[in-house]
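Down below is the structure, laid out as structure tokens.
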Amino acid sequence: MQARQSTPQTISSILSWLYRAFDRVATWVSQLSWWKFFLFAALTLIAAAIVQEELFSSSSDEEIVRTERHPGKKAQQPSILIDDSGIHFNPTNKSRPGEPEAPGAEQSKPGAAPDLPKKGNGKPTVHTENGDEVHIDLPPQIGQELSDAIEQAVDDAAEAKVSRYHKQASTWFTSFVWLLMLALFGTKALVGGKKRAELATQTATAAAERESMQRQLSEAKMQMMQAQVEPHFLFNTLASVEHLIETNPPRASAMQRSLIQYLRAVLPQMRDSNLTTNLGREVDMVTAYLALLKMRMEERLTVAIDIPEGLRTAAFPPMMLQSLVENAIKHGLECKPEGGTLKVMAEVAHNKLRVTVADNGVGFGVMPSNGTGLGLTNIRERLKLLHGEAGQLLIAANSPTGVIATIEIPYQLAGAK
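In full-length UniProt numbering, the protein residues as written are 1 to 417.
Here it is as structure tokens:
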């Protein structure tokens with residue numbers, strides 16, 4: 001039972017090993033450019049030709065013929081002995097009495113007398129010796145010529161056999177090398193097509209992700225617009241303007257101008273589908289927003305914006321700075337009776353743009369929040385889609401109170417790729 005179970009496992013292991021080997025070879029071949037592949041094929045064919053010449057050259061043939069010219073004795077095989085006395089044929093390969101155990105000799109010892117006298121007329125005669133051995137008497141000259149002819153025929157046959165063997169082996173070797181090159185060529189062509197298909201799939205997936213990111217960005221923009229231009233915000237601002245018209249017309253006029261400036265900065269964002277804008281545009285929108293809140297909160301809100309002029313052209317995702325400022329006002333400063341200070345800063349460090357919104361409000365978890373909690377999550381998701389691991393949102397506690405929120409992205413100019 002164990003043997004039956006081990007056989008399929010062995011076959012499965014062999015097939016798995018073959019698959020892994022083929023996958024590695026296919027991966028290596030697919031990574032080569034076409035000119036490198038053809039260079040590799042040419043070098044392989046040249047090396048194969050050199051190896052073929054060394055293994056199957058004529059010198060090897062001669063050496064093999066010489067080593068196999070006189071095969072060893074095999075038991076119970078017929079033997080033929082040609083000497084000066086004639087031809088001795090022993091069908092059972094038994095030694096004659098008085099002869100050594102070396103029937104392979106082609107000539108008797110010098111001076112040995114023939115077993116039977118030769119006929120005076122020089123014609124060959126046939127007679128039997130020792131019951132089994134057949135002896136054909138030949139003249140010495142004819143026997144020697146016959147012995148040389150047989151030896152030459154045996155040598156030629158052995159040489160022809162070895163030559164055919166080497167020629168066949170050489171043909172098989174050449175065919176194997178060419179089949180290997182053709183297999184690698186086909187593998188590269190097929191795997192290359194598969195790689196192109198995978199690349200096309202990846203491109204399509206990236207395009208789909210980009211479209212999804214565009215859709216998420218549009219949805220996030222719409223959500224931001226709804227939060228920023230929601231009825232109660234507009235109604236409260238307009239109510240403040242109406243009240244100030246009766247009590248302080250100059251201030252009402254200033255609030256109205258700030259509202260118009262804010263709407264001019266915000267509304268175009270609803271029609272813009274770009275994934276990035278410039279930091280200066282975002283700062284202008286935040287400045288208009290904070291101007292309105294400053295008129296509503298009066299002395300309870302202090303604003304400090306420190307954005308170097310050279311960073312206004314830096315690329316920056318739209319609506320993120322606005323979201324951080326709204327969170328700081330809503331969850332940190334507006335709920336604090338005495339109000340506080342809001343700071344917006346930007347700097348470049350280690351080739352990264354860092355935009356920070358800091359407040360000295362109530363801090364984390366002091367006041368209950370009635371929001372959805374999706375604002376910061378959406379910012380993190382958008383940063384990941386736009387910049388991967390290079391974009392991140394950092395939230396930390398401020399000292400002595402408040403929160404510091406920092407957006408960190410690779411620094412580049414708006415519109416640059």
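Note that beta-carbon positions come from the ideal geometry of N, C-alpha and C, so glycine has one too.
Considering only the alpha carbon of each residue, which of Thr187, Leu376, Tyr19 lies closest to Leu32?
Thr187
Quick check on Gly391: does DSSP put it in helix, strand or coil?
coil
Hey, which unbroken runs of the alpha helix (DSSP H) at 4 residues or more fall wholly within the stretch 289-355?
320-328
By DSSP's criteria, Glu408 is part of a beta bridge. Which residues make up the other side?
Looking at the DSSP assignment, Glu408 forms a beta bridge with Arg354, Gln392.
Rounding to the nearest angstrom, what Cα-Cα distance links Met295 and Ala207 in this structure?
45 Å
Going by the CB atoms, is the gap between Val286 and Val344 shorter than 8 Å?
Contact: yes.
CA-CA distance, His70 and Ser16?
Annotation note: pLDDT 46 at His70 (below 50); position unreliable, no value reported.
Going by DSSP, which residues form a beta bridge with Thr277?
Phe316
For Arg281, count neighbouring Cβ atoms within 10 angstroms of its own Cβ and tell me buried if that reaches 16, exposed if not.
buried
Between the Cα of Ala315 and those of Asn360, Leu383, Ile305, spot the shortest distance and give me the residue it belongs to.
Leu383
Rounded to the nearest angstrom, what separates Ala414 and Pro250 at their Cα positions?
Whole-angstrom Cα-Cα distance: 38 Å.
Can you give the beta carbon distance from Ala358 to Ile404, rounded, assuming they're within the 8 Å contact cut?
5 Å
Compare the C-alpha of Ile409 against each of Thr247, Leu279, Ala158 and name the closest.
Leu279
May I ask you to report which of helix, strand or coil DSSP gives Val362?
coil
For Glu159 and Ala41, I'd like the C-alpha separation in whole angstroms.
Near 35 Å, if we compare the C-alpha coordinates of Ala41 and Glu159.
Just the Cα atoms here: how many angstroms apart are Leu45 and Ala169?
Taking the straight line joining both Cα atoms gives about 17 Å.
Under DSSP, the alpha helix (DSSP H) around Phe38 begins and ends at which residues?
Residues 34-55.
For Thr356 and Leu394, I'd like the C-alpha separation in whole angstroms.
9 Å
Kindly give me the distance between the Cβ atoms of Asn360 and Asn398, rounded to whole angstroms, as I take these residues to be in contact under 8 Å.
6 Å
Here's a check: name, in chain order, each residue in its chain whose Cβ is nearer than 7 Å to the Cβ of Ala189, leaving out the five neighbours to either side.
none
Leu311 and Val348: beta carbons closer than 8 Å?
yes
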